[in-house]
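Protein chains in written order, with our numbering: chain A, 4 to 294; chain B, 104 to 524.
Beta carbons are placed, not taken as given, at the ideal position from N, Cα and C, and that holds for glycine.
Put into structure tokens, the structure is as follows:
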């Protein structure tokens with residue numbers, strides 16, 4: 004043992020470094036040991052996002068709010084006030100903002116997390132930490148924005164006199180599903196981004212397209228009523244479809260999402276997450292050489 | 104027998120050159136998992152940055168890693184720091200590793216000094232409680248108390264550096280891996296870094312230290328590993344390793360020249376056309392010798408050096424003078440070594456012989472210099488060989504401060520005594 008007494012008291016860590024072999028899932032125990040770093044990186048991401056901006060964190064609320072207003076006006080003009088693509092009989096404004104809040108969480112998390120390895124290039128080439136911390140931190144930071152937008156959602160519901168039903172208790176589950184979906188997509192995208200910077204340009208485009216195939220500015224019932232079972236399954240392959248309908252059901256008391264859709268969304272998220280984690284882990288040790 | 108702190112076995116790292124990986128390479132990378140390293144075909148786009156490296160380091164050893172640029176030093180540190188994975192081989196490390204490949208990694212300009220201390224500390228692997236406990240000490244060491252809650256982007260580069268090092272210095276790993284960190288900062292700061300590093304060493308920690316500063320390596324390390332072309336060329340006592348390394352640099356310089364290091368046969372050297380009368384070709388040879396009398400054309404700044412002019416003439420020399428001019432291409436003449444000025448008049452010398460000129464301390468900054476050699480008899484120029492001899496001056500710690508003079512700041516080195524209020 005080393006001569007210094009203070010060293011002798013610590014249990015000696017043993018690290019083995021060898022070429023990476025095979026596929027494996029990330030070491031979650033190690034990630035847990037580095038939880039303080041993940042927290043500080045998330046805090047950094049949140050703090051610097053609104054530095055030197057006039058409106059600051061108000062942006063977290065303005066973005067979904069203005070998107071909701073734009074689509075309200077647009078669909079109002081196109082379809083008429085009585086034929087808005089809303090969920091059940093809730094007002095369109097609430098129905099849409101209620102979906103925009105989790106959507107914004109997913110979109111912000113994905114956009115920042117997908118670029119996280121490239122953005123943290125200087126860290127990755129100079130210091131060791133579980134690389135998983137990089138895509139995780141922006142997702143945690145997006146949760147702060149989510150909390151702000153969510154508070155406004157509650158205010159909006161109060162203004163329209165809508166009280167959440169007992170489904171409210173399921174809400175954290177849908178938030179978790181949104182986060183896992185964002186993480187799953189980010190694991191793939193951030194690792195691919197290291198190899199091909201095309202990903203950086205593809206992400207904003209991808210997020211935009213994804214929003215239109217997700218029941219955000221419309222409700223899935225407008226699309227799926229009377230649709231065959233395979234169409235529901237296919238629609239559920241987008242994990243966000245389940246999240247959006249789940250949010251509306253939990254908060255607004257609209258009809259519950261079809262169990263088939265939920266199940267497919269959930270299964271798809273897990274598949275994406277596991278494959279993404281394995282791919283990320285496989286690529287992890289060469290990030291520093293390639294980034 | 105103690106368990107080694109670091110055991111490196113058959114370590115190798117291959118890089119693929121070329122900027123963009125085609126999709127097929129990605130597929131190969133994913134498919135190639137699980138199998139052992141395939142037979143290494145001699146692919147011109149592949150480079151082994153590190154090969155067949157075996158090294159065992161005992162606890163509390165301070166090992167310096169030296170070698171030319173591209174010899175694999177940084178690759179080794181990156182593998183040991185787990186930043187990049189080896190292609191083959193195995194490393195076993197016992198103890199908590201702190202690695203410092205750069206000062207101020209992860210500093211964010213928008214965050215305040217305090218926020219950066221916590222973030223940077225966490226990046227280096229410190230726990231929040233450890234940083235809390237040492238915050239006052241870190242702040243005092245860095246001397247940025249007044250600016251602790253100012254965004255780092257308002258800091259001067261010196262302040263940022265001091266703060267970054269202060270954090271790193273309070274990292275308390277069992278094994279410390281350091282790369283060239285001392286290459287930055289002013290002299291006082293470097294002294295502080297060296298002092299802190301000896302502290303670390305005295306407390307029985309294992310240190311792996313990469314540097315080009317031979318003086319720092321010689322002072323700090325108990326053992327030196329010299330890497331050449333990705334392989335271990337020497338492993339042993341610091342003085343032996345450094346000598347072997349510097350010798351190899353000299354040998355390489357020698358290989359680049361035709362006439363052998365430090366010795367020039369000037370009989371065939373072309374004389375400048377306007378020196379029509381110098382057809383005599385009286386200057387036959389020119390040699391450069393180091394303090395031990397060995398021929399060389401690489402001399403350390405501030406080191407003793409001896410020049411020798413070999414001449415042969417038809418008759419005895421009457422009232423001869425000899426001169427050597429040292430110049431640098433972008434600066435001009437720097438030093439004139441002339442017998443009639445530095446020694447005084449000479450009356451008579453034999454028809455052939457050897458003139459020696461000893462310089463106690465070569466006052467030149469590192470770089471390449473060109474020498475011209477001339478001689479006169481009876482006030483008439485006899486021979487003049489212009490810009491034929493080349494001299495390479497190597498960096499050295501001339502002033503004994505651990506700091507190397509910057510050749511861009513001045514080509515001539517002068518010993519000086521400073522006093523302060």
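Check whether the stretch 74 to 81 of chain A touches the stretch 49 to 63 of chain A, taking contact to mean three or more Cβ pairs, one atom from each stretch, closer than 8 angstroms.
Verdict: no, contact absent.
Could you work out which residue in B/423, B/187, B/437 is closest to residue 448 of chain B when comparing CA atoms only?
Put simply, of B/423, B/187, B/437 the residue whose alpha carbon is nearest the alpha carbon of residue 448 of chain B is B/423.
Can you find a C-beta in chain A that's less than 9 angstroms from the C-beta of residue 118 of chain B?
Taking Cβ atoms only, chain A reaches closer than 9 angstroms to residue 118 of chain B, which makes this a yes.
Within-9 angstroms CB hit, residue 269 of chain B to chain A:
Answer no: the Cβ-Cβ gap between residue 269 of chain B and chain A never drops below 9 angstroms.
Starting from residue 205 of chain B, find everything on chain A with Cβ-Cβ shorter than 7 angstroms and list it in chain order.
Per Cβ cutoff of 7 angstroms: 129.
When we look at the beta-carbon of residue 507 of chain B and count the other beta-carbons within 10 Å, is it buried (16 or more) or exposed?
Around the beta carbon of residue 507 of chain B, 16 or more other beta carbons lie within 10 angstroms, which makes this residue buried.
Just how far apart, CA to CA, sit residue 418 of chain B and residue 454 of chain B?
Computed Cα separation, rounded: 5 angstroms.
Over what stretch of residues does the alpha helix (DSSP H) that includes residue 122 of chain A continue unbroken?
Going by DSSP, residue 122 of chain A is part of the alpha helix (DSSP H) stretching over 119 to 122.
By DSSP's criteria, residue 367 of chain B is part of a beta bridge. Which residues make up the other side?
Note: residue 367 of chain B is bridge-paired with B/389 in the DSSP secondary-structure output.
Can you tell me whether residue 176 of chain B is helix, strand or coil according to DSSP?
Residue state, collapsed to three classes: helix.
As assigned by DSSP and simplified to three states, the class of residue 411 of chain B:
Here residue 411 of chain B sits in strand by DSSP.
Which word fits residue 436 of chain B, buried or exposed, when buried means at least 16 other C-beta atoms lie within 10 angstroms of its C-beta?
Burial call: exposed.
Within 9 angstroms of any Cβ in chain B, is that where the Cβ of residue 119 of chain A sits?
No, no contact with chain B.
Should residue 554 of chain B and residue 391 of chain B be called a contact, given that it needs their Cβ atoms to be closer than 9 angstroms?
Look at the range of chain B in this structure, 104 to 524, and you will see that residue 554 of chain B is not part of it.
Checking contacts by CB at 9 angstroms: is residue 171 of chain A closer than that to chain B?
With its beta carbon at least 9 angstroms from every one in chain B, residue 171 of chain A lies outside the interface.
Could one say the Cβ of residue 300 of chain A lies closer than 9 angstroms to chain B's Cβ atoms, at least one of them?
What the structure shows of chain A is the stretch from 4 to 294, and residue 300 of chain A is not part of that stretch, so it cannot be assessed.
In angstroms with no decimal places, state the Cα-to-Cα distance between residue 514 of chain B and residue 365 of chain B.
About 21 angstroms.
Check whether residue 297 of chain A and residue 213 of chain A have beta carbons under 9 angstroms apart
Given a span of 4 to 294 for chain A in the structure shown, any question on residue 297 of chain A remains unanswerable.
Should residue 446 of chain B go down as buried or exposed, given a rule of 16 or more other Cβ atoms within 10 Å for buried?
Exposed.
When you compare each of B/184, B/368, B/484, B/192 to residue 98 of chain B by their alpha carbons, which one comes out closest?
Nothing can be reported for residue 98 of chain B, as the shown portion of chain B is limited to 104 through 524.
Burial state of residue 24 of chain A, where buried means 16 or more other Cβ atoms lie within 10 Å:
So residue 24 of chain A ends up on the exposed side.
Along the stretch 171 to 205 of chain B, what residues have a CB closer than 8 angstroms to any CB found in chain A?
In summary, the residues of the stretch 171 to 205 of chain B whose CB is separated from some CB of chain A by less than 8 angstroms are 181, 182, 183, 184, 185, 186, 187, 188, 189, 190, 191, 192, 193, 194, 195, 196, 197, 198, 199, 200, 202, 204, 205, in the order they occur in the chain.
Tell me the DSSP secondary structure of residue 115 of chain B in three-state form.
Reduced to three states, the DSSP call for residue 115 of chain B is strand.
On the DSSP bridge list, what partners appear for residue 478 of chain B?
DSSP lists B/425, B/486 as partners of residue 478 of chain B.
Touch check for the stretch 195 to 209 of chain B and the stretch 217 to 226 of chain B: three-plus C-beta pairs under 8 angstroms?
Output reads yes: the stretch 217 to 226 of chain B touches the stretch 195 to 209 of chain B.
Distance CB(residue 44 of chain A)-CB(residue 194 of chain A) smaller than 9 angstroms:
Taking a C-beta distance under 9 angstroms as the contact criterion, residue 44 of chain A and residue 194 of chain A do not qualify as a contact pair.
At least 3 beta-carbon pairs within less than 8 angstroms: the stretch 130 to 145 of chain A vs the stretch 86 to 104 of chain A:
Counting Cβ pairs under 8 angstroms, fewer than three are found: no touch.
Any chain A beta carbon closer than 9 angstroms to residue 333 of chain B:
Closer than 9 angstroms to the CB of residue 333 of chain B there is not a single CB belonging to chain A.
Anyone know if the C-beta pair for residue 494 of chain B and residue 402 of chain B falls short of 9 angstroms?
A contact, by the Cβ cut-off of 9 angstroms.
Helix or strand or just coil, what does DSSP make of residue 159 of chain B?
Assignment of residue 159 of chain B by DSSP, reduced to helix, strand and coil, places it in the strand class.
Contact under 9 angstroms by Cβ, residue 244 of chain A with residue 272 of chain A
No, the pair does not count as a contact, with Cβ atoms beyond the cut-off.
For residue 191 of chain B, count neighbouring C-beta atoms within 10 Å of its own C-beta (all shown protein chains included) and say buried if the count is 16 or more, exposed if not.
With 16 or more other Cβ atoms inside 10 Å of its own Cβ, residue 191 of chain B counts as buried.
Identify every residue that forms a DSSP beta bridge with residue 431 of chain B.
Its beta-bridge partners are B/435.
So what does residue 337 of chain B bridge to, in DSSP terms?
Beta-bridge pairing links residue 337 of chain B to B/329.
What in chain B is Cβ-close to residue 273 of chain A, meaning under 8 angstroms?
Those do not exist, as residue 273 of chain A stays about 21 angstroms from chain B at its closest Cβ, beyond 8 angstroms.
Segment contact flag, the stretch 153 to 173 of chain B with the stretch 338 to 348 of chain B, C-beta cutoff 8 angstroms, min 3 pairs
With a cut-off of 8 angstroms, the stretch 338 to 348 of chain B and the stretch 153 to 173 of chain B count as touching, because enough Cβ pairs lie within range.
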